[in-house]
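K.L.:
Handing you a structure now.
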Amino acid sequence: METGSPGGAGTTEAGAGAGEPVWTGLPPGLLRMRRLLLVVWLGLAALGAGLPLWLLVGPAWSAFALLPLAAIGAGWVMLGRNWRSWRYAERADDLLISRGVLWREETVVPYGRMQLVEVTSGPVERHFGLASVQLHTAAAATDATIPGLDPAEAERLRDRLTALGEARSAGL
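Take any residue in the sequence shown, note its place counting from 1, add 1, and you have its number in our numbering.
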């Protein structure tokens, strides 16, 4: 059973008792932010392409401004699919991060291997009330990021991962 929005955010509880991880999706604020940025940047590109073509070459040539507008439609769908593909699960010994639509990628970060857990939030993310958690390990290939979390959830996750990392690495 999945809770939260039908788009994939929320926690999946199916099989939680059978050793299956409990997956948590990303909040819808990340999707809203990315779609707004898509519309703003490609809308400006359409205007920047169409207006000079209209003025310098003629109205027929300004139809090339429709290409960025078509890209908005395609990007809108692709951003939704990408957002639904992101999820993470906290297990007893490691953190799982899963993402990808065509090529599925699942990263397993053992708590004992974590060296640094950062919470970052740029100006656009702060405007939308979002933060990202970045995990650093000894091996650069296993560094991982969970984007677009609620700041309170990002801080909770950072504190929990830091505490688990300290407890797991104490025996090394």
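Where is the CB? At the ideal position from N, CA and C, for every residue including glycine.
Can you name the start and end residues of the alpha helix (DSSP H) that Leu56 belongs to?
P.N.:
First-last of the alpha helix (DSSP H) with Leu56: Pro29 to Leu57.
K.L.:
By Cβ distance, which residues of its chain are closer than 7 angstroms to Ser63, with the 5 residues on each side in sequence left out?
P.N.:
Gly51, Leu54 and Trp55.
K.L.:
Can you tell me where the alpha helix (DSSP H) holding Ala61 begins and where it ends?
P.N.:
Here Ala61 belongs to no alpha helix (DSSP H), and DSSP marks it neither H nor E.
K.L.:
Where do the ends of the alpha helix (DSSP H) carrying Val125 lie?
P.N.:
Looking at the DSSP string, the run of the alpha helix (DSSP H) that includes Val125 is Pro124 to His128.
K.L.:
Whole angstroms is fine: what's the gap from Thr13's alpha carbon to Glu126's?
P.N.:
Its pLDDT being 48, under 50, Thr13 is placed unreliably in this model, and the value from its coordinates should be taken loosely. Computed Cα separation, rounded: 25 angstroms.
K.L.:
Short check: CB of Leu150 to CB of Trp84, under 8 angstroms?
P.N.:
For Leu150 and Trp84, no; Cβs fall outside 8 angstroms.
K.L.:
What are the boundary residues of the beta strand (DSSP E) that Tyr112 is part of?
P.N.:
From DSSP, Tyr112 is part of no beta strand (DSSP E); its letter is neither H nor E.
K.L.:
Along the beta strand (DSSP E) that carries Arg92, what are the first and last residues, could you check?
P.N.:
That residue, Arg92, is in no beta strand (DSSP E); it is neither H nor E in DSSP.
K.L.:
Quick one: is Ala164 buried, meaning 16 or more other Cβ sit within 10 Å of its Cβ, or exposed?
P.N.:
Answer is exposed; the Cβ neighbour count stays below 16.
K.L.:
Beta-carbon within less than 6 angstroms of Gly76's beta-carbon, same chain only, minus the 5 sequence neighbours each way: which residues are those?
P.N.:
Answer for Gly76: Leu39, listed in chain order.
K.L.:
Please report how far the alpha carbon of Val23 lies from the alpha carbon of Gly123, in whole angstroms.
P.N.:
If I take the Cα positions, the gap works out to 29 angstroms.
K.L.:
Tell me, please, which residues DSSP counts as bridged to Ser99.
P.N.:
Partner(s): Arg88 and Glu107.
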